[in-house]
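A.B. asks: Supplied in structure tokens, the structure appears directly below.
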Amino acid sequence: MYLSTPTDTQLVELMTWFSTQAELDIWSGPEFRFPFDLEQFKCDLKLSTLASFSLLSAQSELLGFGQYYLRSGRCHLARLVINPHLRGQGVARHLIAQLMAKGTADLKTNSCSLFVLEHNHSAIKSYQKLGFSFACYPENIPLENVLYMILNKSSVSDTLKDNK
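In my numbering, the protein residues as written are 52 to 215.
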């Protein structure tokens, strides 16, 4: 499994993973338009300003997608999603570990963070398995029912080692 810059073909496939506004909101947050076309989807992903990656199999099949950026001094992971047919098979661990390795190096930081909706129990469980823990966000979170999770320096190193 490896990270790659997303292609239009991969983004079109990614778009099929969200069939309702509610599904999209869980993944993207409230500013994403639905229904969407490819150009709107690309614009709302902010591909020109956010580091964005497809996770591909050795056969170049789209397994997942994720983004990162610097937020409060941490590599903040965003819009993490796994192909619906592959969820629960450990693919998220590869996506997150590879994004953390690339993001912490690119952003010159040793810790990571992410937001997750409090009712997204499967995602929370996955993040906790990787070592993320709940933390107080230093500012007001503008969305309701959102939790902030972090993974600090030594845990990032441990997670990256475990993924090799």
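Just so you know, even glycine gets a beta-carbon here, dropped at the ideal spot from N, CA and C.
This structure is a prediction, so every number in the text was calculated from the model and none was measured.
Quick one, which of 111, 56 and 148 has its alpha-carbon nearest residue 182's?
C.D. replies: Locating residue 182 in the sequence shown gives position 131, counting from the first residue. Of the listed residues, the one whose Cα sits closest to residue 182 is 148.
A.B. asks: Using a Cβ-Cβ cut-off of 6 Å (strictly less than) and excluding sequence neighbours within five positions of residue 174, which residues of its own chain qualify?
C.D. replies: The residue you call residue 174 lines up with position 123 of the sequence shown. So the qualifying residues of the chain are 167.
A.B. asks: Terminal residues of the continuous alpha helix (DSSP H) containing residue 163?
C.D. replies: Locating residue 163 in the sequence shown gives position 112, where the first residue counts as 1. Where residue 163 is concerned, there is no enclosing alpha helix (DSSP H), although the beta strand (DSSP E) it sits in stretches over 163-168.
A.B. asks: How far does the alpha helix (DSSP H) with residue 151 in it reach, from first residue to last?
C.D. replies: Within the sequence shown, numbered from 1, the residue matching residue 151 stands at position 100. Start and end: 142-158.
A.B. asks: Can you list, in chain order, the residues of its chain whose CB lies under 6 Å from that of residue 178, leaving out five sequence neighbours each side?
C.D. replies: Counting from one through the sequence shown, the residue named residue 178 turns up at place 127. The answer, listed in chain order, is 200.
A.B. asks: Skipping 5 residues on each side, what residues in its chain have a beta carbon closer than 6 Å to that of residue 146?
C.D. replies: Numbered from 1 along the sequence shown, position 95 holds the residue referred to as residue 146. Here the set comprises 106, 115 and 117.
A.B. asks: Quick check: what's the CA-CA separation for residue 180 versus residue 139?
C.D. replies: Reading the sequence shown from its first residue, position 129 is the one you call residue 180. Reading the sequence shown from its first residue, position 88 is the one you call residue 139. Computed Cα separation, rounded: 12 Å.
A.B. asks: What is the DSSP secondary structure of residue 187, counted as helix, strand or coil?
C.D. replies: Numbered from its first residue, the sequence shown carries residue 187 at position 136. The answer is coil: DSSP assigns residue 187 none of H, G, I, E or B.
A.B. asks: With residue 174 as the anchor, note down where its alpha helix (DSSP H) starts and where it stops.
C.D. replies: As a working mapping, residue 174 is identified with position 123 in the sequence shown. Unbroken alpha helix (DSSP H) run through residue 174: 172-180.
A.B. asks: Kindly indicate which three-state DSSP category residue 92 falls into: helix, strand or coil?
C.D. replies: On the sequence shown, position 41 is the one that residue 92 refers to. Of the three classes helix, strand and coil, the one that applies to residue 92 here is helix, per DSSP.
A.B. asks: How many angstroms separate the CA atom of residue 156 from the CA atom of residue 102?
C.D. replies: The count along the sequence shown starts at 1 and reaches residue 156 at position 105. The count along the sequence shown starts at 1 and reaches residue 102 at position 51. Spanning the two alpha carbons is a distance of roughly 13 Å.
A.B. asks: Residue 164 and residue 136: beta carbons closer than 7 Å?
C.D. replies: In the sequence shown, the residue the question calls residue 164 occupies position 113. In the sequence shown, the residue the question calls residue 136 occupies position 85. In this structure, residue 136 does not lie closer than 7 Å to residue 164 by Cβ.
A.B. asks: Is residue 78 closer than 7 Å to residue 142 when the C-beta atoms are compared?
C.D. replies: Stepping through the sequence shown from its first residue, residue 142 is reached at position 91. Stepping through the sequence shown from its first residue, residue 78 is reached at position 27. In this structure, residue 78 does not lie closer than 7 Å to residue 142 by Cβ.
A.B. asks: Quick check on residue 89: buried or exposed, where buried means 16 or more other Cβ atoms within 10 Å of its Cβ?
C.D. replies: As a first step, residue 89 is located in the sequence shown; it is residue number 38 there, counting from the start. Counting Cβ neighbours within 10 Å, residue 89 comes out exposed, since fewer than 16 surround it.
A.B. asks: Whose C-beta lies closer than 6 Å to the C-beta of residue 203 among residues of the same chain, with five residues either side of it excluded?
C.D. replies: The sequence position of residue 203 within the sequence shown is 152, counting from 1. Excluding positions up to five away in sequence, the list reads 162.
A.B. asks: For residue 125, list the residues DSSP reports as bridge partners.
C.D. replies: The residue given as residue 125 occupies position 74 in the sequence shown. Its beta-bridge partners are 122.
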